[in-house]
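Visitor: Below is the structure I would like to discuss, written out as structure tokens.
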Amino acid sequence: MEGARSLANQAAARGSVATPTRDTGKIRYAGRTLAVAGILFLSGWVPTTSLHAQFTLFEGEENSVELGGYFQSLTGLYDQGYHLPGTERLSGFNAEVLRLKWTLRVGDGAVVEIHDRLQTQTSSATSGFGGSAAGFGVSVVPGRTVDLSSDIVDESRLKAWHDVDRLALTLYTDLGDVTVGRQAITWGISSLFPVADLWAQFSPFELDTEEKPGIDAFRILSYPSDGLEIDAVVADRGVAEDLSAGIRAGLSLPWADLYFGGGKLWNEAMILSGVSAPVGTWKLRAEGVLPYDLDDEEVDLPRMTLGIDRLGGEFMLSGEYHFNGVGEERPSEYGQVLEDPRFTRGESYYLGRHYLGAVGLWTPGNDRLSLTVSAMANLQDSSTMFTPIITYDFGQETRMSLGGLVSFGNPPEVEAVPNFRSEYGAYGDLFFTRVSIYF
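Next up, the structure:
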């Protein structure tokens, strides 16, 4: 099944150079892929909503067709930070995505949404960072019974493919908003360390960080009373035994926002809850999930995140502590996490147990310029990473970003049996430019 593939097999499914069969390949894949996690996931903090606009292709008395989208190009240089046999320490890469967003409105009661994407990626070396064994397009894709993707070019240093990432019909009824098909669903309130966003996490492994991966699902979103929201989902996971379903209730109170939920996700039964409350110019957050393994018939360790945000003004700040029940306590055991089904299907993207993270966003003056600085620390192995990104809005729906990722930590030991010595020590360093054009 898609969700239970090893990371190496996921890369092979998207057309990697080779499926790693030794621990050396495991470290190579993890280090480079996790480096993309840091840089692209945190770069999503740059605000983009002001540039999202659609133009009308057809408008009748009750019906209309609208088109929008964007083009993004990312080019960079990656320094692995250590040498592995059969790889090059330095590599260059380029990745591009074109997403077209079609919207058909039928009166006031129905909307059809279709997103189709064309993606390409090139690398300076067969095993380099931009290659599909370690970069864009090989992240955890939700399990789907119907495959709507097709490879155009599949070479060692050049990949090109097309896929349909949204294909959904929404009906606005007295019962609620009913959506059927491939759609984006977000649960949870954490920013850096999401624990409840289990349908399809905002993938950190993609160039296309504007939109979450779509999942094939049936969803009812209803509002039975003021301040109360009920969200029920039944989702395809690619195979019948992984069919998932859940329900979440959100309640807005004068002093806080709360949610409670639960369901069957993959082979786990889960309960989840969260709360966020403003305190002056700050907001406090807490959420967690407690899984019960239906196969092993035992309760797994929880995943929890505590957060604080500074609200408003030119400077925004967010900090989080995260306990990751999927991770391991010793770096020598990180390799086991890479093979854990909860990691390979995207429930967690982290290898250890205890983390601290922070993001600061500064948008001075006329909001054209923004500076994002983020940091993450694995508290067990004392490894850290820092991600500075500067973005400028040129107007005319065009934005350019310059940034990088600098990591600190003990690199893996490359011997007969390679071993992790820290998580972020396997990241290496990354420097990039990105151009985004919206229409």
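For what it's worth, my numbering labels the leading residue of the sequence shown as 17, then goes sequentially.
For glycine and all other residues, C-beta sits at the position ideal for the given N, C-alpha and C.
No experiment lies behind these values; they were computed from the predicted model shown.
(1) Which same chain residues end up closer than 6 Å to residue 422 when comparing Cβ atoms and leaving out the 5 residues on each side of it in sequence?
(2) Figure out for me which residue from 247, 335, 199 and 253 has the closest Cα to the Cα of residue 238.
(3) Inspect the beta-carbon positions of residue 234 and residue 336 and report whether they are closer than 8 Å.
(4) What are the start and end residues of each continuous alpha helix (DSSP H) run of 4 or more residues lying completely inside the region 296-376, in chain order?
(5) Does the contact criterion of 3 or more C-beta pairs under 8 Å hold for the region 184-192 versus the region 121-141?
(6) Nearest to residue 240 by CA position, among 250, 251, 216 and 265, is which residue?
(7) Taking the alpha-carbon of residue 116 as reference, which of 82, 108, 90 and 298 has the nearest alpha-carbon?
(8) Mind checking residue 45: buried by the 16 CB within 10 Å criterion, or exposed?
(9) Please classify residue 325 as buried or exposed, where buried requires at least 16 other C-beta atoms within 10 Å of its C-beta.
(10) What would DSSP say about residue 441, mapped onto helix, strand or coil?
(11) Whose C-alpha, out of 263, 105, 277 and 175, is nearest the C-alpha of residue 138?
(12) Beta carbon of residue 449, beta carbon of residue 136: below 8 Å?
(13) Measure the C-alpha to C-alpha separation of residue 275 and residue 425 and round it to an integer number of angstroms.
(14) Give a yes or no on contact between the region 342-354 and the region 365-385, applying the rule of three or more CB pairs nearer than 8 Å.
(15) Between 203, 226, 93 and 362, which lies nearest to residue 304 when the distance is taken from Cα to Cα?
(16) How is the beta strand (DSSP E) around residue 163 delimited, first residue to last?
(17) Look up residue 273 in the DSSP assignment and give the residues it is bridged to.
(18) Rounded C-beta distance between residue 443 and residue 394? I'm assuming under 8 Å.
(19) Cα-Cα, which of 355, 312 and 228 is closest to residue 284?
(20) Can you give the Cα-Cα distance for residue 98 and residue 430, rounded to whole angstroms?
(21) Kindly give me the distance between the Cβ atoms of residue 341 and residue 319, rounded to whole angstroms, as I take these residues to be in contact under 8 Å.
(22) Alpha carbon to alpha carbon, how far is residue 323 from residue 298?
(23) So, is residue 167 buried or exposed, given that buried needs 16 or more other C-beta atoms within 10 angstroms?
(24) Secondary structure at residue 257, three-state DSSP: helix, strand or coil?
(25) Return the residue from the list 382, 229 and 277 that minimises the CA-CA distance to residue 410.
(26) Buried or exposed: residue 88, going by 16 or more other Cβ atoms within 10 Å of its Cβ?
(27) Give the secondary structure of residue 189 by DSSP, where H, G and I count as helix, E and B as strand, and everything else as coil.
(28) Specify the secondary structure class of residue 44 as computed by DSSP and reduced to three states.
(29) Restricting to Cα atoms, I'd like to know which of 397, 400, 404 and 399 is closest to residue 389.
(30) Just to confirm before moving on: does the CB-CB distance between residue 156 and residue 321 stay below 8 Å?
(31) So, helix, strand or coil for residue 113, using DSSP?
(32) Does residue 158 pass the burial test, meaning 16 or more other C-beta atoms within 10 Å, or should it be called exposed?
(33) Which residues does DSSP pair with residue 217 in a beta bridge?
(34) On the DSSP bridge assignment, give the partners of residue 452 in chain order.
Guide: The relevant details are as follows:
(1) The residue labelled residue 422 in the question sits at position 406 within the sequence shown. 402 and 445.
(2) Position 222 of the sequence shown, counted from the start, is the residue given in the question as residue 238. It is 247 whose Cα lies nearest to the Cα of residue 238.
(3) By one-based count along the sequence shown, residue 234 stands at place 218. By one-based count along the sequence shown, residue 336 stands at place 320. Going by C-beta atoms, residue 234 is not nearer than 8 Å to residue 336.
(4) 350-354 and 357-360
(5) yes
(6) To locate residue 240, count along the sequence shown from 1; it is residue 224. Closest option to residue 240, Cα to Cα, is 265.
(7) On the sequence shown, residue 116 is found 100 positions in, with the first residue counted as 1. The shortest CA-to-CA distance from residue 116 to any of 82, 108, 90 and 298 is the one to 82.
(8) As a position in the sequence shown, residue 45 is number 29, starting the count at 1. Only weak support is given to the placement of residue 45: the predicted model assigns it a pLDDT of 45, under 50, and the value that follows is read from those uncertain coordinates. Answer is buried; the Cβ neighbour count reaches 16.
(9) Sequence index remark: in the sequence shown, residue 325 carries index 309 (1-based). The C-beta of residue 325 has 16 or more other C-beta atoms within 10 Å across all chains shown, which makes the residue buried.
(10) Taking the first residue of the sequence shown as position 1, residue 441 is located at position 425. Reduced to three states, the DSSP call for residue 441 is helix.
(11) For the purposes of this step, residue 138 is taken as residue 122 along the sequence shown, with counting starting at 1. The residue with the shortest Cα to Cα distance from residue 138 is 175.
(12) As a working note, residue 449 is residue 433 in the sequence shown. As a working note, residue 136 is residue 120 in the sequence shown. No.
(13) Walking along the sequence shown from the start, residue 275 turns up at place 259. Walking along the sequence shown from the start, residue 425 turns up at place 409. Residue 275 and residue 425: Cα-Cα distance of roughly 37 Å.
(14) yes
(15) In the sequence shown, counting from the first residue as 1, residue 304 sits at position 288. Among 203, 226, 93 and 362, the Cα nearest to that of residue 304 is on 203.
(16) In the sequence shown, residue 163 corresponds to position 147, counting from 1. That residue, residue 163, is in no beta strand (DSSP E); it is neither H nor E in DSSP.
(17) Counted from its first residue, the sequence shown places residue 273 at position 257. BP columns for residue 273 point to 268 and 292.
(18) As a working note, residue 443 is residue 427 in the sequence shown. As a working note, residue 394 is residue 378 in the sequence shown. With 8 Å as the limit, residue 443 and residue 394 do not qualify as a contact, their Cβ atoms being about 11 Å apart.
(19) Indexing the sequence shown from 1 puts residue 284 at position 268. That would be 312, whose Cα lies nearest to the Cα of residue 284.
(20) Walking along the sequence shown from the start, residue 98 turns up at place 82. Walking along the sequence shown from the start, residue 430 turns up at place 414. Residue 98 and residue 430: Cα-Cα distance of roughly 9 Å.
(21) Counted from its first residue, the sequence shown places residue 341 at position 325. Counted from its first residue, the sequence shown places residue 319 at position 303. Right, the Cβ-Cβ distance comes to about 5 Å (below 8 Å), so this counts as a contact.
(22) Here residue 323 is taken as the residue at index 307 of the sequence shown, counted from 1. Here residue 298 is taken as the residue at index 282 of the sequence shown, counted from 1. Rounded to whole angstroms, residue 323 to residue 298 spans 10 Å at the Cα level.
(23) Residue 167 sits at position 151 when you count from the first residue of the sequence shown. That one is exposed.
(24) For this step, residue 257 is matched to residue 241 along the sequence shown. Helix at residue 257.
(25) In the sequence shown, the residue the question calls residue 410 occupies position 394. Checking every option, the nearest Cα to that of residue 410 belongs to 382.
(26) Residue numbering aside, residue 88 sits at position 72 when the sequence shown is read from its first letter. When all chains shown are included, residue 88 counts as buried.
(27) Translated into the one-based positions of the sequence shown, residue 189 becomes position 173. Coil.
(28) Translated into the one-based positions of the sequence shown, residue 44 becomes position 28. Bear in mind that a pLDDT of 47 at residue 44, under 50, signals an unreliable position, so the number given afterwards is only what the model happens to contain. The answer is helix: DSSP assigns residue 44 an H, G or I state.
(29) One-based indexing of the sequence shown puts residue 389 at position 373. Closest by alpha carbon: 404.
(30) Here residue 156 refers to the residue found at position 140 of the sequence shown. Here residue 321 refers to the residue found at position 305 of the sequence shown. Going by C-beta atoms, residue 156 is not nearer than 8 Å to residue 321.
(31) Residue 113 sits at position 97 when you count from the first residue of the sequence shown. Residue state, collapsed to three classes: strand.
(32) Residue 158 sits at position 142 when you count from the first residue of the sequence shown. Its Cβ being crowded by 16 or more others within 10 Å, residue 158 is buried.
(33) For the purposes of this step, residue 217 is identified with residue 201 of the sequence shown, where counting begins at 1. Secondary-structure assignment with DSSP links residue 217 through no beta bridge to anything.
(34) Along the sequence shown, one-based indexing puts residue 452 at 436. The beta-bridge partner set that DSSP reports for residue 452 consists of 88 and 415.
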